[in-house]
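Working notes, beginning with the structure itself.
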Amino acid sequence: MKPRQQRMLAVGLAVAGVAIAAALTLKAFDENMMFFVEVSNVVAGEYPQERNFRIGGLVVEDSIEREEGSLDMRFRVTDMRCELSVMYNGVLPDLFREGQGVVAHGAMGAGEVFIADKILAKHDENYMAPEVAASLAKHVDEKMAPLQEGGAECNSG
Amino acid sequence: MIPEIGHFALILALSLAVCQGVLPLVGAHRDNAALMSVARSTSFGQFFFVAVSFGCLIWAFVNDDFSVLYVAKNSQLLLPTPYKVSAVWSAHEGSLLMWILILAIWTAAVAKFSSGIPLKLIARVIGVLGLLSVGFLLFALLTSNPFERLIPAAIDGADLNPLLQDPGLAIHPPILYIGYVGFSVAFAFAIAAMISGDLDQNWARWTRPWTVVAWLFLTIGIALGSWWAYYELGWGGWWFWDPVENASFMPWLIGTALIHSLAVTERRGLFKSWTLLLAITAFSLSLLGTFLVRSGIIVSVHAFATDPTRGFFILTFLAIVVIGALVLYAWRAPALDSTVGFSPLSRETFLLLNNVLLVIATTLVLLGTLAPLIVEMLNGGKISIGAPWFQIAFLVPMIPLVLLLGLGMHTAWRKQNPGPWMRLLRLPAIAAVIIGVVLPLMFYGRVSLMLIIGCGAAAWIVISSLIQPVRSWCRKEGATGITRSALGMCIAHLGMGVFVIGVTITSAFGIESDRAMRIGETLEVAGLQFEFRELREVQGPNYTAIEGVLEVRDGGEFIGTVRPQKRQYLVQKNWMTEAGIHPTWNKDLFVALGDQIGDGVWSVRIQYKPLIRFIWIGAFIMAMGGLVTVTDRRYRKTVK
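Quick note, the sequences are listed as chains A and W, same order. Quick note: the first sequence uses my numbering, first residue 138, plus one each step. Quick note: the second sequence uses my numbering, first residue 1244, plus one each step.
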């Protein structure tokens, strides 16, 4: 085979491979992309329907409830403005505690409850996921400023 | 005093690195032998001072010098001494110093074991490595000095993160870094070849062993990290497609492509500019990996508290290295390529396909890793890409790669006659398909298309890797046997087969079950009975622990005892899960203790992981294959 043909073959294979990979990638990409939604937005009903997303914030003090002897549990997450109930069934990561940051994967269930299928752990007690930190910082600033209208719309708990 | 010596030694190392980076390159340009011969001595000198500096930091840790900020942050009086040493590289400043030390070791090794390589080439290689050292030493001295004092000194340290108090993680970073940094040697050889405009088959022969050694350390390093995540994080998975894991995996994929491309360049003088591009890419991805881990720019479960100014420095350094190398490449590489032809059915074709598929795989991983960043920059919101995407996307290039691997191994260079080739491979191919159907059905009682592909592919690789060694074993004495280099290839590919079978069976038949368990209760998971016998307290050197004792039975037969722990470290007070694992060759029984969720009731995670050890054993066999390859006689002749 002449070098020219070789090159054409190589280019052809590469293009075919990239095309297949791209098609599959894009399809699977859309299915597995998970948005981070701030707790306030979830409470206001602004979250992706019919698909999983992530939430994050602080676990509210004294909010953990569980049925004695069962893995089912509930707790509330706050972004310093609104609170959201979360349900989970499973073993919790080590650094999960009241008053600490948490990230959960899951979807909204009936009755304004977030059904988590995964609670994320972290390696370092000083580390907080950047999007959670940003979301908290935003609302802490808001609290310092006089409450705007609509700020009181959060009545969940 | 000692920390100041360490700091001072680092500054001396920087001045030597500047000499090492400038003088030999100038000497090679002007054909001045005196300047060129500075290369070796400065690299030894730089290594000496970096080693002194590193030794001073170890001294500060072992002697609990809490007047050093970095020690006060990452150590503690009661920490066992081996962990005081490994605490040196547990955070940013120390791991950067270790990076610098390893770069100095690689450079000194190149200087020492290069007697057969022309002075001009080696001067340029060491010069380029010197310039890289300058960058990293400046980084350490300007932004991340590990010897910074804490005044007044702390009475006790804040302790090493308990997750890192583990033998696996003590050795994982050094091994991984030896691999990462090792690609700088291939990079330096590539830059040297482009500066001189001279790239022959000897160049590939000199570059190849260094690259293979870097690759084999990276392989072991990644496998150790995966093993650590499996038993220490308490999740029981072995790979999470987390950005930090991907950061180490991308250089591995490109490094693997580079090894194969170097083989073609060495044997046939082909793919020259492609080899150069891969060498540049492998090292750039190592730098990108460091940037991703250290900048905190990407959300990762492995992320530690980070500092953006450091990320900025690495990004700038990365930009200089990548843009500089690519400009040089665009300018010089076109002149290097040769126009030797090869037939469509030849080993060259298969190695080309190997490279294309590995590059596609790398691109996919890179895309998935950077997608959250790109989407956010385009204001598309904050997203994350789940592991399922990687699992699907990665299979696209991997399945053909694995199938072609068996064919390529038995194809001749230049041109392969199709007749004998088909006769040789017909039987292994049939056997592989049969094994692919029978193996899962017989041992695990179920079969699916993915299982047939996975098990069949694994059998296919294993059989085709064994053909050559077995034949040479059976050959009569006196006949020419298999070369070390070919044997190494067969071993590495065998390791790949072992790895594939482990991945296939674990993901298809692994069972993970979160349960509530009362003390004294027996639960059945995967046909085995787990009995929660008792809960007791255990005292460690710097922690107290609650230990669950679970006995596992298969029917009436006792299999083993699993002892998962929840540890509370004395300083940081966090609870840490220490999974209990009962390993056997063909399965792991894994139990992690969760929380107390009622009177005498605990949440537990029970897992049954068939053949999971094959994953790490496979990776280890691959690395050993690399080791056998570099002992080949043709590398020993010149590169001792």
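C-beta: ideal position from N, C-alpha, C; glycine also.
How far does the alpha helix (DSSP H) with residue i in it reach, from first residue to last?
i	result
Trp1470 of chain W	Gln1444 to Glu1475
Lys1327 of chain W	Thr1324 to Ser1329
Ala1674 of chain W	Pro1661 to Tyr1687
Ser1728 of chain W	Arg1727 to Phe1752
Lys1316 of chain W	Leu1312 to Asn1317
What did DSSP end up calling residue i once you bin it into helix, strand or coil?
i	result
Glu1247 of chain W	helix
Lys139 of chain A	coil
Tyr184 of chain A	coil
Phe1356 of chain W	coil
Ser1439 of chain W	helix
Asp1307 of chain W	coil
Val1882 of chain W	Low confidence applies here, because Val1882 of chain W scores a pLDDT of 42, under 50, leaving its location unreliable and the question unanswered by this model.
Asp197 of chain A	The sequence shown places Val at residue 197 of chain A, rather than the Asp named in the question. Val197 of chain A falls in the coil class under three-state DSSP.
His1653 of chain W	coil
Leu1253 of chain W	helix
Glu202 of chain A	strand
Ser293 of chain A	In this predicted model, Ser293 of chain A has a pLDDT of only 45, less than 50, meaning its place in the structure is not dependable enough to derive any value.
Met1693 of chain W	helix
Pro283 of chain A	Low per-residue confidence applies at Pro283 of chain A: pLDDT is 48, beneath 50, and the placement is therefore not dependable enough to give any value.
Leu1278 of chain W	helix
Glu1821 of chain W	strand
Arg211 of chain A	strand
Pro1640 of chain W	helix
Val1293 of chain W	helix
Gly1868 of chain W	helix
Met1341 of chain W	helix
Glu1391 of chain W	coil
Residues of chain W with CB closer than 7 Å to the CB of residue i, please, in chain order.
i	result
Asn118 of chain A	Nothing can be reported for residue 118 of chain A, as the shown portion of chain A is limited to 138 through 294.
Ile157 of chain A	Val1639
Arg191 of chain A	Ser1627
Gly227 of chain A	Asp1757
For residue i, go through chain A and note every residue whose CB falls closer than 8 Å to its CB, in chain order.
i	result
Asn1622 of chain W	Simply none; closest approach about 13 Å.
Val1599 of chain W	Ala147, Leu150, Ala151 and Gly154
Trp1185 of chain W	The structure shown has nothing for residue 1185 of chain W, since chain W only spans 1244 to 1883.
Gly1337 of chain W	The premise fails here: Gly1337 of chain W is roughly 15 Å from chain A at the closest Cβ pair, so nothing lies under 8 Å.
Thr1582 of chain W	Pro140
So with CB distances below 9 Å, who are the chain W contacts of residue i?
i	result
Thr162 of chain A	Leu1607, Leu1610, Gly1611, Trp1632, Ile1635, Ala1636 and Val1639
Start and end of the beta strand (DSSP E) containing residue i?
i	result
Glu1780 of chain W	Leu1771 to Gln1782
Ala1788 of chain W	Tyr1786 to Asp1797
Glu220 of chain A	Glu220 to Asn226
Ile1600 of chain W	In the sequence as displayed, the identity of residue 1600 of chain W is Leu instead of Ile. Here Leu1600 of chain W belongs to no beta strand (DSSP E); instead the alpha helix (DSSP H) covers Arg1590 to Met1620.
What distance in whole Å lies between the Cβ atoms of residue j and residue i, which are believed to be in contact at a cut-off of 8 Å?
i	j	result
Thr1339 of chain W	Phe1290 of chain W	One point to set straight first is that residue 1339 of chain W is Leu, not Thr, in the sequence displayed. That pair is no contact at about 17 Å.
Thr1966 of chain W	Val1311 of chain W	Nothing about residue 1966 of chain W can be reported from this structure: the residues present for chain W run from 1244 to 1883 only.
Leu1322 of chain W	Ala1315 of chain W	Not confirmed; about 12 Å, so no contact.
Glu1794 of chain W	Phe1801 of chain W	7 Å
Leu1459 of chain W	Gly1869 of chain W	4 Å
Gly246 of chain A	Gly193 of chain A	Between Gly193 of chain A and Gly246 of chain A the Cβ distance is about 18 Å, and since that is not below 8 Å, they are no contact.
Leu1813 of chain W	Tyr1786 of chain W	6 Å
Met1865 of chain W	Ala1735 of chain W	5 Å
Report the neighbours of residue i on chain W: residues whose CB is nearer than 8 Å to its CB, in chain order.
i	result
Leu208 of chain A	Asp1757, Arg1758, Ala1759, Ile1840 and Ser1846
Phe251 of chain A	Per Cβ cutoff of 8 Å: no residues; Phe251 of chain A is ~16 Å from chain W at best.
Phe173 of chain A	Gly1624, Lys1625, Ile1626 and Ser1627
Glu205 of chain A	Ile1840, Gly1841, Asp1842 and Val1844
Ala165 of chain A	Pro1631, Trp1632, Ile1635 and Ala1636
When the cut-off is 7 Å and only beta carbons count, does residue i lie next to chain C?
i	result
Glu268 of chain A	As a matter of chain content, chain C is missing from the structure shown, whose protein chains are A and W.
Would you mind telling me which residues of chain A sit closer than 7 Å to residue i, beta carbon to beta carbon, in chain order?
i	result
Ala1735 of chain W	What Ala1735 of chain W touches in chain A: nothing, since even the nearest Cβ is about 24 Å away.
Ile1603 of chain W	Gly154, Val155 and Ala158
Leu1595 of chain W	Ala147
For residue i, return the contacting residues in chain A, with the cut-off set at a CB-CB distance below 9 Å.
i	result
Thr1587 of chain W	The sequence shown places Pro at residue 1587 of chain W, rather than the Thr named in the question. Chain A residues near Pro1587 of chain W: Met138, Gln142, Gln143 and Leu146.
Leu1385 of chain W	Ordered by position in chain A, no residue passes the 9 Å Cβ test against Leu1385 of chain W, which lies about 24 Å from the chain.
Ala1835 of chain W	Val228
**Asked** Can we say the segment 1548-1568 of chain W touches the segment 1479-1487 of chain W, given the rule of at least three CB pairs closer than 8 Å?
**Response** no
**Prompt:** Quick check: the segment 1757-1773 of chain W against the segment 1844-1860 of chain W, are there 3 or more CB pairs under 8 Å?
**Reply:** yes
**Asked** Touch check for the segment 1664-1679 of chain W and the segment 1629-1636 of chain W: three-plus C-beta pairs under 8 Å?
**Response** no
**Asked** Are the segment 1285-1299 of chain W and the segment 1398-1407 of chain W touching by the rule of at least three beta carbon pairs closer than 8 Å?
**Response** With the rule of 3 Cβ pairs closer than 8 Å, the segment 1285-1299 of chain W does not count as touching the segment 1398-1407 of chain W.
**Message:** Under 8 Å, with one C-beta from each stretch per pair, do the segment 1695-1715 of chain W and the segment 1820-1840 of chain W reach the 3-pair mark?
**Reply:** no
**Asked** Does the segment 1584-1601 of chain W come close enough to the segment 150-164 of chain A that 3 or more CB-CB pairs lie under 8 Å?
**Response** yes
**Prompt:** On the three-pair Cβ rule with 8 Å, is the segment 1387-1399 of chain W touching the segment 1462-1478 of chain W?
**Reply:** Output reads no: the segment 1462-1478 of chain W does not touch the segment 1387-1399 of chain W.
**Prompt:** Touch check for the segment 1420-1437 of chain W and the segment 1506-1514 of chain W: three-plus C-beta pairs under 8 Å?
**Reply:** no
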